[in-house]
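Engineer: In this note's numbering, the protein residues as written are 218 to 444. A single structure is presented below for examination.
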Amino acid sequence: MADTPIRLLIVDDHNLFRQGLIRILEDFPQLAMVGQAADGAEALAAVEAVQPDVVLMDLNMPVLSGPDAIRRLNASHPDIPVIILTVSERDEDLFDAIKAGARGYLLKNVGMADLIDAVQRVHAGEAIIAPSMATRLLDEFRKVAEQAPTQSLPAEAGDLSQREVEVLRLVSQGLPNREIAAALNLSEHTVKSHLANILDKLQLRSRAHAAAYAVQAGLVRDVQTGR
């Protein structure tokens, strides 16, 4: 039986780009275009109307920006992931989007195959960052971690099981669920369950926040130095 298409909402204030992208993506059976919006405010209304699986959203838009819309969307629909699709390569924009809760950050020069793959992976629970910017994000996290080189795990991390700590370590290295599952000899479903528990226990909103938390707690250094 064929997989159910991923329901996609496109949000961009440039009508020509938005319509062109929709027409291209309509040719791919993996995706179903269920709506569009020209700004963040329209996006929030569209989400209520069409209940998409994934939202593909521009960064800088009138009325309500991408990050502001993501914050509101996460408050009402934390289960609907948002991928930012933008021309901006500014570090500040990347960090703002991730802090707001974006599950992905891609540049508009991304190839169509890579874009579709990103939508599918985000829908599966992964986080996606444009390769040219991923290193910057990790560098920023490491700078934060270096401010407290002897810091141990925060007190609330004591609520995590040993297995959840292992999953969190691998999330902080950017591994997708399937690679985490292989590394720990678990099913992807179990990895997703552990990640959901981690986010709940640490009161974090997204996989990206979990990765930042792990770096601040020194888990990335622990992996690199063999603990």
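Note that CB positions come from ideal geometry on N, CA and C, so glycine has one too. Everything numeric in this text was worked out from a predicted model, so none of it was measured.
#1: Among all the DSSP beta bridges, which residues are the ones paired with Arg307?
#2: With a 10 Å radius around its C-beta and 16 neighbouring C-beta atoms as the bar for buried, classify Val299 as buried or exposed.
#3: If we ignore side chains and look at the alpha-carbon of each, how far apart do Ile223 and Gln253 end up?
#4: For the ligand FAD, I want to know if Pro284 counts as a neighbour, meaning its beta carbon is within less than 7 angstroms of at least one of the ligand's heavy atoms.
#5: Tell me the residue span of the beta strand (DSSP E) that contains Met274.
#6: Between which residues of its own chain and Arg338 is the CB-CB distance below 7 angstroms, once the five residues before and five after are set aside?
#7: Short of 7 angstroms in beta carbon distance, which residues of its chain neighbour Phe245, apart from the five on each side in sequence? Order them along the chain.
#8: Under a Cβ-count criterion, where at least 16 other Cβ atoms within 10 Å of its own Cβ denotes burial, should His411 be classed as buried or exposed?
#9: Compare the beta carbon distance of Leu387 and Leu377 with 8 angstroms and say whether it is the shorter of the two.
#10: Using a Cβ-Cβ cut-off of 7 angstroms (strictly less than) and excluding sequence neighbours within five positions of Asn291, which residues of its own chain qualify?
#11: By how many angstroms is the C-alpha of Asp220 removed from the C-alpha of Leu401?
Structural biologist: Working from what's here:
#1: Answer is none; Arg307 lacks a bridge partner.
#2: buried
#3: 15 angstroms
#4: In terms of ligand content, the structure shown is empty, and the ligand FAD therefore cannot be addressed.
#5: Its beta strand (DSSP E) spans residues Val271 to Met274.
#6: Excluding positions up to five away in sequence, the list reads Ile345 and Pro393.
#7: Non-local beta-carbon contacts of Phe245 in its own chain, meaning distances under 7 angstroms to residues more than five positions away in sequence, involve Ile333 in chain order.
#8: buried
#9: no
#10: Gly318 and Arg422
#11: Near 27 angstroms, if we compare the C-alpha coordinates of Asp220 and Leu401.
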